[in-house]
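Working notes, structure below.
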Amino acid sequence: MGELMEVIRGRRSIRRFEQEEVPQQALDAILEAVQWAPSWANTQCWEIIVVRDQAAKEKLQATLPKTNPASKAIVQAPIVLVVCGKLKSSGYYKGQVTTKHGDWFMFDLGIATQNICLAAYDQGLGTVIVGLFDHDKAKEILGLPDGYEVVAMVPVGYPAKDSPAPRRREISEFVHYEEF
Ligand SMILES: Cc1cc2nc3c(=O)[nH]c(=O)nc-3n(C[C@H](O)[C@H](O)[C@H](O)COP(=O)(O)O)c2cc1C
Numbered sequence: 063m064g065e066l067m068e069v070i071r072g073r074r075s076i077r078r079f080e081q082e083e084v085p086q087q088a089l090d091a092i093l094e095a096v097q098w099a100p101s102w103a104n105t106q107c108w109e110i111i112v113v114r115d116q117a118a119k120e121k122l123q124a125t126l127p128k129t130n131p132a133s134k135a136i137v138q139a140p141i142v143l144v145v146c147g148k149l150k151s152s153g154y155y156k157g158q159v160t161t162k163h164g165d166w167f168m169f170d171l172g173i174a175t176q177n178i179c180l181a182a183y184d185q186g187l188g189t190v191i192v193g194l195f196d197h198d199k200a201k202e203i204l205g206l207p208d209g210y211e212v213v214a215m216v217p218v219g220y221p222a223k224d225s226p227a228p229r230r231r232e233i234s235e236f237v238h239y240e241e242f
């Protein structure tokens, strides 16, 4: 249990990577962490695309605004995991939304993505979640069928540089007891 908190606290967004390859066993552990993520009614709406090809990574990099601090990470990291989701599944029952929040795919993919980052960190690997890019362009590059969307890209590799932990809000600033 103590180790889990160390992993949660120790994980940082990594934006500079070594060239060293990611061992298959480490990638397998990361993908297993996705497999065991919780999801709405166990719908498991995730699809993960493993991108290793340098030319493909360059195409994906071009979907990011140049100002995105993770731009270099997309081409530097040996692997980019692209987190995609099936629409109209999470949060739905018999084709109808069940809550005011509609499709819960972003929620489920968020959990799966955190599992990727924690499992990678546990394997000595660094990650950064990349959400700011042209999702339609990425969808086209990766050949997603209708009914699926690209949500995030996660470069994975050995960290070349540690980054300091950005400040967090105090627990007392966001916890409310009994009422807001
Ligand atoms: C949904 C989401 C989208 C993000 N998108 C980007 C991004 O496009 N580019 C980037 O450099 N970092 C991105 N980040 C990383 C955050 O900036 C980072 O998690 C935050 O500053 C806290 O730092 P830490 O991850 O080291 O704790 C994203 C994080 C999340 C959760």
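Residues in the sequence shown are numbered consecutively from 63, following my numbering.
Think of the CB as a built atom: it goes at the ideal place given N, C-alpha and C, for glycine as much as any other residue.
The criterion of a C-beta distance shorter than 8 Å is not satisfied by Leu187 and Ala99. Under the DSSP assignment, Leu93 falls in the alpha helix (DSSP H) whose first and last residues are 86 to 97. Sequence-distant partners of Gly164 (beyond 5 residues in either direction) whose C-beta falls short of 7 Å from its own C-beta, in its chain, are Gly153. Beta-bridge annotation (DSSP): Cys146 is paired with Glu109, Val212.
In this chain, the alpha helix (DSSP H) harbouring Tyr183 covers 167 to 184. If you ignore the 5 residues before and after Ala200, its C-beta comes within less than 8 Å of the C-beta of Leu122, Thr125, Val144, Val212, Met215, all in its own chain and listed in chain order. In this chain, the alpha helix (DSSP H) harbouring Phe236 covers 233 to 236. Boundaries of the alpha helix (DSSP H) harbouring Asp198: 197 to 204, taken from the DSSP string. Looking at the DSSP output, Gly219 bridges to Gly188. With a cut-off of 7 Å, the C-beta of Leu204 is classified as distant from ligand 1, since no heavy atom of the ligand falls inside that distance. According to the DSSP assignment, Leu122 belongs to the alpha helix (DSSP H) that extends over 116 to 123. Taking Val137 as reference, the option from Lys150, Glu94, Val159, Phe79 with the minimal CA-CA separation is Phe79.
If you look at Ser101, you'll find it isn't in any alpha helix (DSSP H); DSSP assigns it neither H nor E.
Looking at the backbone, the Cα of Thr129 and that of Trp102 are separated by about 35 Å. For Leu194, the shortest separation between its Cβ and any heavy atom of ligand 1 lies below 7 Å. When DSSP states are grouped into helix, strand and coil, Gln158 belongs to the strand group.
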